[in-house]
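J.: Under our numbering, the first residue of the sequence shown is numbered 3, with each subsequent residue one higher. Even glycine gets a Cβ: it sits at the ideal position worked out from N, Cα and C. Note that the structure is a prediction, hence the values are computed from the model and not measured.
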Amino acid sequence: MNEKQAPILVVDDEPEMCWIMENIIRRTGFTCRTATSASEAISLTKSNQFGMAFLDAKLPDIDGLDLARKLRKTNAHLPIVIVSGYFYQDDPTIEGVLREGLIAAFVGKPFDHDEIVSVITRHARR
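1) Can you say whether Pro94 is buried or exposed, counting buried as having 16 or more other CB atoms within 10 angstroms of its CB?
2) Buried or exposed: where does Asp114 fall if 16 or more other Cβ atoms within 10 Å of its Cβ makes it buried?
3) With a threshold of 6 Å on Cβ separation, who are the neighbours of Pro81 within its own chain once the five nearest residues in sequence on each side are excluded?
4) Any chance you could list the alpha helix (DSSP H) runs of at least 4 consecutive residues sitting entirely within the segment 28-87, in chain order?
5) In this structure, does DSSP put Met3 in helix, strand or coil?
6) For the putative contact between Arg127 and Ala8, defined by C-beta atoms under 8 Å, what is the C-beta separation to the nearest angstrom?
7) Compute the beta-carbon to beta-carbon distance between Leu11 and Leu46, rounded to the nearest angstrom, for a pair I have assumed lies under 8 Å.
8) Using CA atoms only, rank isn't needed, just tell me which of Ala59, Glu102, Val119 and Cys20 is closest to Thr38.
9) In terms of residue numbering, what span does the beta strand (DSSP E) encompassing Ile122 cover?
10) Can you name, in chain order, every residue of its own chain whose Cβ lies under 8 Å from the Cβ of Ser120, other than the five neighbours on each side?
11) When you compare the segment 51-65 with the segment 73-92, are there three or more beta-carbon pairs, one atom per stretch, that lie closer than 8 Å?
12) Below 9 Å between beta carbons: does that hold for Arg35 and Phe52?
Below is the structure:
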């Protein structure tokens with residue numbers, strides 16, 4: 003693994019989902035940090051430079067899209083991916099944030115390993 007690769011941030015209120023994502027990400031050669039709330043994620047971004055972020059759309063403290071907006075203010079070029087079982091790919095909300103460039107991609111739950119690897123390959127900053 004290239005030690006200069008920026009870690010990938012995963013934010014999901016379900017610890018088992020964080021574990022699944024972390025394992026997939028580590029197998030692609032990236033390091034990973036996880037958070038189970040938006041406030042924890044914001045704290046992590048103060049002390050880490052991330053190469054990509056996967057955000058659950060529905061978090062306990064703020065909406066995942068609101069978190070994406072907060073992250074965008076401090077890191078304009080961070081590739082952000084919304085992961086959700088609530089929204090779907092052609093949902094008008096998702097289409098809108100993709101069009102405006104707030105997020106780089108959308109992944110619906112349930113997802114498979116290859117889908118996550120593909121998104122990382124296309125969007126992660128190395």
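T.: The short version:
1) By 1-based counting over the sequence shown, the position of residue 94 is 92. Classification of Pro94: exposed, given that the 10 Å Cβ count is below 16.
2) Counting from one through the sequence shown, the residue named residue 114 turns up at place 112. The Cβ neighbour count for Asp114, taken over all protein chains shown within 10 Å, is under 16; the residue is labelled exposed.
3) As a first step, residue 81 is located in the sequence shown; it is residue number 79 there, counting from the start. Contacts found: Met54, Ala106 and His125.
4) 40-49 and 66-76
5) Residue 3 sits at position 1 when you count from the first residue of the sequence shown. Confidence in Met3 is poor, its pLDDT being 42 and thus under 50, which makes the residue's placement unreliable; the coordinate value appears in the next sentence. DSSP places Met3 in coil when its eight states are reduced to three.
6) Start at 1 with the first residue of the sequence shown, and residue 127 comes out as number 125. Start at 1 with the first residue of the sequence shown, and residue 8 comes out as number 6. Yes, Arg127 and Ala8 are in contact; Cβ-Cβ is about 6 Å, under 8 Å.
7) The residue given as residue 11 occupies position 9 in the sequence shown. The residue given as residue 46 occupies position 44 in the sequence shown. Their Cβ separation, rounded to whole angstroms, is 6 Å, which keeps Leu11 and Leu46 in contact under 8 Å.
8) Residue 38 sits at position 36 when you count from the first residue of the sequence shown. Of Ala59, Glu102, Val119 and Cys20, the residue nearest in Cα terms is Cys20.
9) Locating residue 122 in the sequence shown gives position 120, counting from the first residue. Unbroken run through Ile122 is the alpha helix (DSSP H), His115 to His125; no beta strand (DSSP E).
10) For this step, residue 120 is matched to residue 118 along the sequence shown. Answer for Ser120: no residue qualifies.
11) yes
12) As a working mapping, residue 35 is identified with position 33 in the sequence shown. As a working mapping, residue 52 is identified with position 50 in the sequence shown. Yes.
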